[in-house]
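Residue numbers (our numbering): 305 to 483.
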């Protein structure tokens with residue numbers, strides 16, 4: 305779920321589709337009708353540019369489209385069919401996207417160039433399930449449901465620290481900051 309109060313709109317993934325509605329839930333429509341095999345899993349917005357970004361676990365892609373429904377672009381196709389891109393967040397002012405893919409936490413320019421691994425996870429022992437950014441401090445927060453932890457690092461991955469350690473199988477799934 306991603307909200308844009310300035311434009312009174314929200315977007316979310318539902319089954320194969322990407323949905324759109326007003327913040328009061330009114331006018332809910334299928335924004336993008338997915339096909340069998342597509343599964344939008346996380347959504348992030350760039351309100352200034354009126355762009356919606358989403359990851360799709362079914363196609364292992366990172367995508368972008370304008371609020372008016374035009375310009376659908378696949379920004380990245382994961383090389384590993386089990387990568388399952390997810391947990392998308394962005395900092396429009398810094399021009400950066402962040403997401404989990406496979407065991408890693410990745411970063412790329414909004415215009416998408418080659419992604420950079422911010423934090424490398426050990427395959428089968430890490431799974432980023434939620435991310436959010438703190439633009440003022442250029443910090444990235446993420447949850448990992450295989451290590452059962454909430455962590456933070458700089459946008460470059462430096463200064464990584466575990467902020468919370470859950471008990472086994474607590475599976476933290478998301479994180480958000482109120483600005």
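The C-beta atom is built at its ideal place from N, Cα and C for all residues, glycine as well.
Keep in mind that this is a model prediction, so the values were computed, not measured.
Expressed to the nearest angstrom, what Euclidean distance is found between the alpha-carbon atoms of residue i and residue j?
i	j	result
residue 340	residue 320	7 angstroms
residue 375	residue 369	5 angstroms
residue 409	residue 351	24 angstroms
residue 418	residue 331	37 angstroms
residue 343	residue 475	21 angstroms
residue 348	residue 318	15 angstroms
residue 384	residue 441	32 angstroms
residue 431	residue 362	17 angstroms
residue 497	residue 479	Residue coverage of the chain in this structure runs from 305 to 483, which leaves residue 497 outside it and unanswerable.
residue 345	residue 322	9 angstroms
residue 404	residue 360	12 angstroms
residue 429	residue 473	12 angstroms
Once the 5 residues before and after residue i are set aside, which same chain residues still bring their CB inside 8 angstroms of it?
i	result
residue 373	335, 336
residue 462	none
residue 311	351, 354, 371
Helix, strand or coil for residue i per DSSP?
i	result
residue 351	coil
residue 457	strand
residue 438	strand
residue 309	helix
residue 481	coil
residue 405	strand
residue 340	coil
residue 376	coil
residue 371	coil
residue 413	strand
residue 395	strand
So, at 6 angstroms on beta carbons, what are the nonlocal neighbours of residue i in its own chain, with the 5 sequence-adjacent residues on each side left out?
i	result
residue 435	391, 393, 402, 446
residue 367	358, 378
residue 371	354
residue 422	409, 411, 461
residue 324	315, 333, 335
residue 456	443, 445, 465, 467
By Cβ distance below 7 angstroms, which residues in the same chain neighbour residue i in space, the five residues on each side in sequence not counted?
i	result
residue 381	364, 365
residue 397	439
residue 395	437, 439
residue 307	314, 327
residue 426	407
Under 8 angstroms by Cβ, that's how I've got residue i and residue j pegged, so tell me the actual separation to the nearest angstrom.
i	j	result
residue 316	residue 305	4 angstroms
residue 471	residue 449	Not a contact, Cβ separation roughly 12 angstroms.
residue 400	residue 386	About 25 angstroms; that fails the 8 angstroms criterion.
residue 477	residue 453	Not quite, the Cβ-Cβ distance comes to about 12 angstroms (not below 8 angstroms), so this is no contact.
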